[in-house]
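Written below as structure tokens is the structure these notes are about.
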Amino acid sequence: MNKIITTSPEETIEFAKKIGAVLKKGDVIAYKGGLGAGKTTFTRGLAMGAGLEDEVYSPTFALINEYAGDVNIYHFDMYRIENTDDLETTGFFDYPMEDSIFVIEWSENIIDALPENTIFIQINRIDDETREIIIEGDERFADIRN
46 MNKIITTSPE ETIEFAKKIG AVLKKGDVIA YKGGLGAGKT TFTRGLAMGA GLEDEVYSPT
106 FALINEYAGD VNIYHFDMYR IENTDDLETT GFFDYPMEDS IFVIEWSENI IDALPENTIF
166 IQINRIDDET REIIIEGDER FADIRN
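If you count by the numbering used here, then the sequence shown holds residues 46 to 191, one letter each, in order.
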């Protein structure tokens, strides 16, 4: 487990870049955290760390955003997904999980559909600028610091 505190969106992005730099094909990132916690900000840093230059936006209305690069990142928003049938209608299972990186907001809504090796990132909003970030599920991230 890795637990850190960031004190600005820029610091959150810089930390996420370090995480993104060690991601590989087949990784699934499952976020936990409420509205405004900083999941999309963190994803922006992940994408930059993974070498992608696409601008990252919240997939709230699209449900899925794709960021293309050497390894594609699929950014899912599962806020309105309530069960496996709902998940089927998003096309979630049609995306190439083993050949890309999945980043999933509101992952608790699809917990039963996540693979065993999922990396969980909890983002807790402390105040307007400060975030507590906890990463569990993969020792690659244990020693990464701000």
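Quick reminder that beta carbons are idealized off the backbone N, C-alpha and C, glycines included.
*Three or more C-beta pairs closer than 8 Å, one from the stretch 109 to 127 and one from the stretch 47 to 56: is that the case here?*
no
_Three or more C-beta pairs below 8 Å linking the stretch 127 to 135 and the stretch 84 to 100_ = no
*Specify the secondary structure class of A75 as computed by DSSP and reduced to three states.*
strand
_Local conformation of T163 per DSSP, three classes_ = coil
_Please report the straight-line C-alpha distance between K48 and K70, rounded to a whole angstrom._
24 Å
*Span of the beta strand (DSSP E) holding D130?*
Per DSSP, D130 belongs to no beta strand (DSSP E); it is in the alpha helix (DSSP H), T129 to T135.
*Give a yes or no on whether the C-beta atoms belonging to I168 and K62 are separated by under 8 Å.*
no
*asked:* So, under 8 Å CB-CB, G81 and R170 are touching, yes? Tell me the CB distance rounded to an integer number of Å.
replied: 6 Å
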